[in-house]
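So the structure is just underneath, and the comments pick up after that.
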Amino acid sequence: MKKKQFKLLMLLSAFALLILAACGSDSETGSKDSKKGESASSEKPPFLNLLTGGTQGTYYALGGTFADLISKETDIKTTAEVSQASAANMTALQDGKGEIAFVQSDIAYYATEGKLMFDGKKIDSIAALGALYPETVQLVTTEASGIKSYADLKGKKVSVGAPGSGTYANAEQLLEIHGLTMDDIKAQNLDFGESTDGLQSGQIDAAFITAGTPTGAVEALNATTKVNIIGVDPGKADELIAKYPYYAKDTVKAGTYGLAKDTETVSVLAMLAVKKDLSEDVVYSITKAIYDNTDKISHAKGAFIKAETGLQGISIDVHPGAQKYFDEQK
795 MKKKQFKLLM LLSAFALLIL AACGSDSETG SKDSKKGESA SSEKPPFLNL
845 LTGGTQGTYY ALGGTFADLI SKETDIKTTA EVSQASAANM TALQDGKGEI
895 AFVQSDIAYY ATEGKLMFDG KKIDSIAALG ALYPETVQLV TTEASGIKSY
945 ADLKGKKVSV GAPGSGTYAN AEQLLEIHGL TMDDIKAQNL DFGESTDGLQ
995 SGQIDAAFIT AGTPTGAVEA LNATTKVNII GVDPGKADEL IAKYPYYAKD
1045 TVKAGTYGLA KDTETVSVLA MLAVKKDLSE DVVYSITKAI YDNTDKISHA
1095 KGAFIKAETG LQGISIDVHP GAQKYFDEQK
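Going by my numbering, the sequence shown opens with residue 795, and the numbers climb by one from there.
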């Protein structure tokens, strides 16, 4: 009887030890899994690629500063890359060729809605990081061209940007409001640098340039050639905004490019977009790196970049990491 009781006691003890071991193992595994999940949610990529625009545009000028701020503040090596700007940047993000990109607000809207140049090619992998500054639609010409109004463009060689670019869309819509189409002009598909070179040499008569003012390429042109900016009549601007509400009235101030007086025109919004699959923690830290350090932005457009206006005019969904940052600023 005593032997049987002893054996039973030993079996129960062994069973109890097995249960405790199993519980401990499950607890440890659960802890490890929890830590693993936590690590994955805040995992930092080894590097980030920031897509900008052409070397003579505002995107590229600001991109280098942003890349330096992100690298320093987040410890994620970030590189600013030359690109074909807005529309190309959206496609590049979708294709995994970058993680952050400059884009016009109208182009970001077209991309996420699958409209215009993105018809049948909807981009569903991007979200907004934040608003930056107004991008002025500048119809640039020279005094020698004799062009004084949109009506004077008829039959002239006019640079309208690459097909499918943000500048091209702006040019098409401004021409439309003034009763013209691409068929009424001799459209030239040139980038900003090529446009100003063409204006200087007389190979083209005018150029649409959508960029923050002052734009480097136009400043370079003004150093050798008398520049004119063709204005948009306020009534035409109202008509444009009624049809395309992402536009706003804007002014190229007197003194810019040596202009004698203010020139009324329109603008769209420059913004940053990011890949949706970047973690909330990483996007939060990127957003903080930029908007907490706007005093370190030397470009003239840095004055427009503020945390309190970081969500104004955004045309697409905001990334949760950026939303968290801006919510903390309220």
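From the three backbone atoms N, C-alpha and C, an ideal C-beta is built for every residue, glycine too.
Note that the structure is predicted; figures quoted are calculated from it, not measured.
Worksheet item: Roughly how many whole angstroms lie between the Cα atoms of Ile1035 and Ser1073?
Response: Near 36 angstroms, if we compare the C-alpha coordinates of Ser1073 and Ile1035.
Worksheet item: Between which two residues does the alpha helix (DSSP H) harbouring Thr1031 extend?
Response: Inspection of the sequence shows that residue 1031 is occupied by Ala rather than by Thr. Run containing Ala1031: 1028 to 1037, per the alpha helix (DSSP H) assignment.
Worksheet item: Going by C-alpha distance, which of Ala1000, Asp1075, Asp913 is nearest Glu988?
Response: Of the listed residues, the one whose Cα sits closest to Glu988 is Ala1000.
Fill in: Exposed unless 16 or more other CB atoms sit within 10 angstroms - verdict on Gly1006
Per the 10 Å Cβ criterion, buried.
Worksheet item: How about the segment 950 to 961 and the segment 917 to 924: do they share at least three Cβ pairs that are nearer than 8 angstroms?
Response: Output reads no: the segment 917 to 924 does not touch the segment 950 to 961.
Worksheet entry | For Ala963, the first and last residue of its enclosing alpha helix (DSSP H) | First-last of the alpha helix (DSSP H) with Ala963: 960 to 971.
Item to complete: Determine the direct distance from the alpha carbon of Val1077 to that of Leu863, and round the result to whole angstroms.
Response: Looking at the two C-alpha atoms, the distance is approximately 14 angstroms.
Worksheet item: How many angstroms separate the CA atom of Ala834 from the CA atom of Lys1043?
Response: Annotation note: pLDDT 35 at Ala834 (below 50); position unreliable, coordinate value reported separately. C-alpha separation (whole angstroms): 45 angstroms.
Worksheet item: How is the alpha helix (DSSP H) around Val1076 delimited, first residue to last?
Response: For Val1076, the enclosing alpha helix (DSSP H) stretches over residues 1074 to 1085.
Discussion item. I'd like the list of long-range same chain contacts for Leu803, defined as Cβ closer than 6 angstroms, with 5 residues on each side in sequence excluded.
Written reply: Confidence is the limiting factor: at Leu803 the pLDDT is only 44, short of 50, which leaves the residue's position unreliable and the question unanswerable from this model.
Worksheet entry | Pick from Ala1097, Asp985, Leu947, Val1062 that is closest to Gly956, judged by C-alpha positions | In the sequence under discussion, the amino acid at residue 956 is Ala, which differs from the Gly named in the question. Cα-wise, what sits closest to Ala956 is Asp985.
Worksheet item: Who are Leu844's beta bridge partners in DSSP?
Response: DSSP lists Ala874, Ile894 as partners of Leu844.
Worksheet item: What did DSSP end up calling Leu803 once you bin it into helix, strand or coil?
Response: The predicted position of Leu803 is uncertain, since its pLDDT is 44 and thus under 50; a value taken from the coordinates is nonetheless stated next. In the structure shown, Leu803 adopts helical secondary structure according to DSSP, grouped into three states.
Discussion item. Using a 10 Å radius around the Cβ and a threshold of 16 neighbouring Cβ atoms, would you call Lys1037 buried or exposed?
Written reply: Exposed, because fewer than 16 other Cβ atoms sit within 10 Å of the Cβ of Lys1037.
Discussion item. Between which residues of its own chain and Lys1047 is the CB-CB distance below 7 angstroms, once the five residues before and five after are set aside?
Written reply: Closer than 7 angstroms at Cβ, skipping near neighbours: Asp1056.
Worksheet item: For Gly924, does the three-state DSSP call read helix, strand or coil?
Response: In the structure shown, Gly924 sits in a strand (DSSP, three-state: E or B).
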